[in-house]
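Reading through the structure tokens given below for one structure.
Protein chains: 4
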Amino acid sequence: MPALTDFDEFRDIAKRVNNWGRWGVEDEIGTLNLITPDTVRAAAAAVRTGKRFALAVPLQQYGVQTGLIPGRVNPLHTMVALNWEMFGPGAIATSDDVVTMGLQAGTHWDGLGHVSHGGRIYNNRPAGNAVTAHEGAVRSGVEKAPPLVGRGVLLDVARARGVDRLPGDHAVTPEDLEAAQELAHTQVRAGDVVLVRTGQIQLYLGGDRDAYAFPSPGLSLRTPEWFHSRDVAAVADDTLTFEIFPPEVDGLYLPVHALHLVEMGMMQGQNWNLEQLAADCAEDGVYEFLLSAPPEPFTGGVGAPVAPVAVK
Amino acid sequence: MPALTDFDEFRDIAKRVNNWGRWGVEDEIGTLNLITPDTVRAAAAAVRTGKRFALAVPLQQYGVQTGLIPGRVNPLHTMVALNWEMFGPGAIATSDDVVTMGLQAGTHWDGLGHVSHGGRIYNNRPAGNAVTAHEGAVRSGVEKAPPLVGRGVLLDVARARGVDRLPGDHAVTPEDLEAAQELAHTQVRAGDVVLVRTGQIQLYLGGDRDAYAFPSPGLSLRTPEWFHSRDVAAVADDTLTFEIFPPEVDGLYLPVHALHLVEMGMMQGQNWNLEQLAADCAEDGVYEFLLSAPPEPFTGGVGAPVAPVAVK
Amino acid sequence: MPALTDFDEFRDIAKRVNNWGRWGVEDEIGTLNLITPDTVRAAAAAVRTGKRFALAVPLQQYGVQTGLIPGRVNPLHTMVALNWEMFGPGAIATSDDVVTMGLQAGTHWDGLGHVSHGGRIYNNRPAGNAVTAHEGAVRSGVEKAPPLVGRGVLLDVARARGVDRLPGDHAVTPEDLEAAQELAHTQVRAGDVVLVRTGQIQLYLGGDRDAYAFPSPGLSLRTPEWFHSRDVAAVADDTLTFEIFPPEVDGLYLPVHALHLVEMGMMQGQNWNLEQLAADCAEDGVYEFLLSAPPEPFTGGVGAPVAPVAVK
Amino acid sequence: MPALTDFDEFRDIAKRVNNWGRWGVEDEIGTLNLITPDTVRAAAAAVRTGKRFALAVPLQQYGVQTGLIPGRVNPLHTMVALNWEMFGPGAIATSDDVVTMGLQAGTHWDGLGHVSHGGRIYNNRPAGNAVTAHEGAVRSGVEKAPPLVGRGVLLDVARARGVDRLPGDHAVTPEDLEAAQELAHTQVRAGDVVLVRTGQIQLYLGGDRDAYAFPSPGLSLRTPEWFHSRDVAAVADDTLTFEIFPPEVDGLYLPVHALHLVEMGMMQGQNWNLEQLAADCAEDGVYEFLLSAPPEPFTGGVGAPVAPVAVK
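Residue numbers (the numbering used here), protein chains in the order written: chain Y, 418 to 729; chain W, 418 to 729; chain S, 418 to 729; chain U, 418 to 729.
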């Protein structure tokens, strides 16, 4: 199997977008450093109508996962107490529930510990020490992310291309992002969280998990540089694989994961439901908003469920 | 065992704060109806410095739970893939994790299905039909909550009383809330989310889970009426039990749970870490902020983990 | 939906095989009462060659379950410690693992709490009280089963019918059992555990879980009476559904489950791998053996994994 | 931290008991090779009364574990279906359950992958390759154990020393085993499974989990040689730690684990309840029996729950 760096294109991009050391050798949060009090204030200023949009799919057993990714199980939700009169008959009754689930099973963030290449995770840390069986992500665990609230911008690539949903073999290019940015009437700025809409999640919402999973449109390996040049803080989209899958280059698997998570130190979000938000943006022409999307702080998590909210 | 309604004081308060039917017989979200586009805009306007405060405790095996509440297990976080070269040696390596946990194990919201009394949950629904073993909360599941973003107000009762931490037998009264509101230099308004600080969570943060659990200061059964009269949308505090425990009235267990969740239809939050936020509020004298605290949308959940963020 | 007792054939058989009260009103173990010191000694006497046969399929994520039965999840096995030097570098290293699984996910026993009909489980107990969300099977939980060791007899129906594997629409009849008994050169006796081989599990072993699940040959509703008249202690076979599925009579779902578990109080086993045992029996003509198959004693379990062993 | 082999006594014993290569370089089951058709027939011949004894403690949330061993969680048993009429109202109703548990939480076998020292597991395999985060025990997983049925011998050390329960600081020595063997009126032979009784589990059965856990009597590091010289197939006892804990030699942690599992390749059992069996043996003077104790076959398991049965 070739290494990622055996591909010239990957290697060249990797050099250009690399952020190792940019925020110091001890840094564990990467591009989340780009969200600052200033950008947060600007995010709050983007709120105009007070409308709120939930961007998570419900967490349930018939969730997004189909079994393709070993161990990434859909939520199994069960009751451990059910209308239980714990203090005696006639007293108050309580119900309690538990769940078993993959942290990346539903709408989630990939944490910086999720992937490595060449034996390294973000900031040049040896993967074997940085992510362990016993503690998970010793370095760059999701619990270390500062509260992820900032300005969000929707780049509705499907709409910009005049379709409801991109076809399964469409790689979202920098040119697509430019066109969607033009549609959005705003410039992506430092510290922004960018949401890229492909429409792919319609397949899941329509009941066809297998079609949703694969093949899937998604980001091209040429897009990380676009995000890097604008100092984007994080990127999420509405697909299972995040990037186009099967990959654009034969044998070059998950290059966008490697560029974002390892080279740039940028969290990325998957399985976000952008449909209602996109409809509203199309209606009023406003594609910016305050986005609140803090990962659930699992100690050592290499990923985390999130219930993102856009406030326009 | 006496029923809650065998206690005169409870029965009288219950009548006065009851919201059944207020938003229609089909309503499942109760006081979250009080958050409106107007209140959300006001919340955004409360952002001044752009400072963000995370209010969740990390989710980990040595978490808040001590085993007192059967089945409410602390998060057990394990790796299902570890630096795994799924596409072959030399290719990108991925790590994946899973968790088993009680939905109310850490920083969480109690959903409206969490308790019943007299065989009823919120809005007069028979508990036996509304919460089932197979589906959990068929009615008022946490996944039905609209995105919980609104104005937050910190009522720092400990500080208002001149202590770092309230003693374990202190019931927070309406008078305490008034004093804390005065300290806050703002009035609690319709649609607000109120955070009540007792300082109790210092015990957990200091490593003593047992002392944190019990005995615990917390809300008096006289406070729901205070929240009701101001049309508060939700209330959270920094204790395990939320309300004072052991209870104020012998044999009257969890009356505040019953009043908030069942009578008013108001979600309540527990195990919130308000320490850093409180320090900042004390410093700049500003106790209002934008609060983002959407519950993770577990279908049928009677509770949900949340990673709340306050933005000042 | 018609009740089971709306079907004349079911109702008549139910009356004839009913064991309620037979071992007293307090009894919770049903036909396991039929295994006695005498039958156990006879089982030991059946051991001649000392050959042992494992009858369980491995417990693993790619197990028998396909998702058809909600919540009955295949085992998810993960490491919580991995070569961990808990006492310091250089000291002994330990590995530890955890599992999440349906108790009936793999090779298992159905406990007597697994099904009810007409609101009753075995021995006329109200299902609502006998099996609860909080405690599981308060009555007839699998942990109450006495150690299940006794004489086993293999009834190789597939072989008796001259095929490797019965077709998916074949209902195993009393006549089939007679023919297989003749092949076995032994009489089924009181206290025996009968293993019925259809060959269906070859489909699973061959990698086709969906074909294994459904349609499936299995026991006809006419067989419980055959077992009852011989005072069999328990029955297991090599299918997912145990009885023929889809059912023989339109609208009469799982009648054998109802007859065995509810009326007779007889545990039944599913997903047993009888292939190697059957090959050996065919070779030496001996179809009896000591069978050890104690259910894992989960308190309140309505089912339990089992690792059965036949000793010839 | 000193390595185990820095201790002369350990190093010398390790050399004498080492079984690496004894059954070939590909062997993964160690001393289970010593159970043969002959020893199994002898085990069956040991059955005289037909009495059966269950040796497992029930699997339940208030189980043996106290939280001392990270991740080794007690069973959490929940219902995923409860008297559920899956085919429609009036039809048969089913209940289903799931569990999350440490494989070594209750009565269990330590598999040969459970510990390593000097970077090696049994048969000189590198621990890092033999046990992985993704697959668990790639080598010597518990699913590879042949059906564990053989002759069992109870060595009741407590009784031989004239006490109900050994004190917490008592290391069971070869001399203790000799005395107990004399009491047993049988010689331990090749292929036997030896059960050593200390009485310690009385503390757990009496409700005091903490006292049960620690300090605990258990096997001395001098006993592995005794078992080795007799070619014992496996050993189990009635303690949490198996060997005496705190250890006999300062800084020499878990030497018996290392000798049994790594050097000899011998599985060892913990948390076995030997009380009823011991009472019967004391009464009739017969300390041998057929023992059936197959580990649940978890693929890759480094340990496994077991429901052992002794048949006298």
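Backbone N, C-alpha and C fix where the C-beta goes; we use that ideal spot for every residue, glycine too.
Just checking my contact of residue i with residue j at CB under 8 angstroms: how many whole Å lie between their CB atoms?
| i | j | result |
| --- | --- | --- |
| residue 589 (chain U) | residue 651 (chain U) | Wrong, their Cβ atoms sit about 16 angstroms apart, outside the cutoff. |
| residue 537 (chain U) | residue 591 (chain U) | Not a contact, Cβ separation roughly 26 angstroms. |
| residue 633 (chain W) | residue 603 (chain W) | The Cβ separation is near 27 angstroms, so there is no contact. |
| residue 580 (chain Y) | residue 636 (chain Y) | Incorrect: roughly 17 angstroms between the Cβ atoms, too far for contact. |
| residue 473 (chain U) | residue 725 (chain U) | 6 angstroms |
| residue 497 (chain W) | residue 488 (chain Y) | 3 angstroms |
| residue 493 (chain S) | residue 516 (chain S) | 7 angstroms |
| residue 466 (chain S) | residue 682 (chain S) | 34 angstroms between Cβ atoms; not a contact. |
| residue 706 (chain U) | residue 729 (chain U) | 5 angstroms |
| residue 607 (chain Y) | residue 708 (chain Y) | Going by Cβ atoms, the distance from residue 607 (chain Y) to residue 708 (chain Y) rounds to 15 angstroms, so no, they are not a contact pair. |
| residue 617 (chain U) | residue 655 (chain U) | 6 angstroms |
| residue 722 (chain U) | residue 713 (chain S) | 6 angstroms |
Run through DSSP, which three-state label would residue i get?
| i | result |
| --- | --- |
| residue 654 (chain Y) | strand |
| residue 646 (chain S) | helix |
| residue 611 (chain Y) | strand |
| residue 475 (chain Y) | coil |
| residue 522 (chain Y) | coil |
| residue 734 (chain Y) | Nothing can be reported for residue 734 (chain Y): it is not among the residues displayed for chain Y, which extend from 418 to 729. |
| residue 618 (chain W) | helix |
| residue 500 (chain W) | strand |
| residue 447 (chain W) | helix |
| residue 517 (chain W) | strand |
| residue 553 (chain S) | strand |
| residue 538 (chain W) | strand |
Using a Cβ-Cβ cut-off of 6 angstroms (strictly less than) and excluding sequence neighbours within five positions of residue i, which residues of its own chain qualify?
| i | result |
| --- | --- |
| residue 720 (chain U) | 520, 521, 525, 527, 528, 531 |
| residue 564 (chain Y) | 711 |
| residue 597 (chain Y) | 572, 573, 574, 577 |
Along chain S, in chain order, which residues have C-beta atoms closer than 8 angstroms to that of residue i?
| i | result |
| --- | --- |
| residue 511 (chain Y) | Per Cβ cutoff of 8 angstroms: no residues; residue 511 (chain Y) is ~10 angstroms from chain S at best. |
| residue 577 (chain U) | By Cβ distance, chain S contributes nothing, its closest Cβ being about 26 angstroms from residue 577 (chain U), past 8 angstroms. |
Interface residues of chain S around residue i at Cβ under 7 angstroms?
| i | result |
| --- | --- |
| residue 477 (chain U) | 716 |
| residue 474 (chain Y) | Under the 7 angstroms cutoff, chain S gives no residues; its nearest Cβ is about 18 angstroms from residue 474 (chain Y). |
Determine the burial state of residue i: buried for a count of at least 16 other Cβ atoms within 10 Å of its Cβ, exposed for fewer.
| i | result |
| --- | --- |
| residue 678 (chain W) | buried |
| residue 560 (chain S) | buried |
| residue 418 (chain S) | exposed |
| residue 702 (chain W) | exposed |
| residue 469 (chain S) | buried |
| residue 445 (chain W) | buried |
| residue 505 (chain Y) | exposed |
| residue 660 (chain W) | buried |
| residue 485 (chain S) | exposed |
| residue 442 (chain U) | exposed |
| residue 557 (chain W) | buried |
Using a Cβ cut-off of 9 angstroms, pull out every chain S residue sitting near residue i, in sequence order please.
| i | result |
| --- | --- |
| residue 499 (chain Y) | 549, 550, 551 |
By Cβ distance below 7 angstroms, which residues in the same chain neighbour residue i in space, the five residues on each side in sequence not counted?
| i | result |
| --- | --- |
| residue 514 (chain W) | 494, 495, 496, 497 |
| residue 544 (chain Y) | 533, 536, 537, 538 |
Cβ closer than 9 angstroms: which chain W residues qualify as neighbours of residue i?
| i | result |
| --- | --- |
| residue 487 (chain U) | 478, 479 |
| residue 588 (chain Y) | Neighbours of residue 588 (chain Y) on chain W: none; closest Cβ ~18 angstroms, over 9 angstroms. |
Counting only Cβ pairs nearer than 8 angstroms, list the residues of chain U close to residue i.
| i | result |
| --- | --- |
| residue 531 (chain S) | 511, 512, 513 |
| residue 681 (chain S) | Within 8 angstroms Cβ-Cβ: nothing; residue 681 (chain S) doesn't reach chain U, min ~15 angstroms. |
Would you mind telling me which residues of chain U sit closer than 7 angstroms to residue i, beta carbon to beta carbon, in chain order?
| i | result |
| --- | --- |
| residue 521 (chain S) | 513 |
List, in chain order, every chain Y residue whose beta-carbon is nearer than 8 angstroms to that of residue i.
| i | result |
| --- | --- |
| residue 455 (chain W) | 467 |
| residue 495 (chain U) | 495, 496, 497, 515 |
Anything in chain Y within Cβ reach of residue i, meaning under 7 angstroms, just list it in chain order.
| i | result |
| --- | --- |
| residue 634 (chain W) | By Cβ distance, chain Y contributes nothing, its closest Cβ being about 20 angstroms from residue 634 (chain W), past 7 angstroms. |
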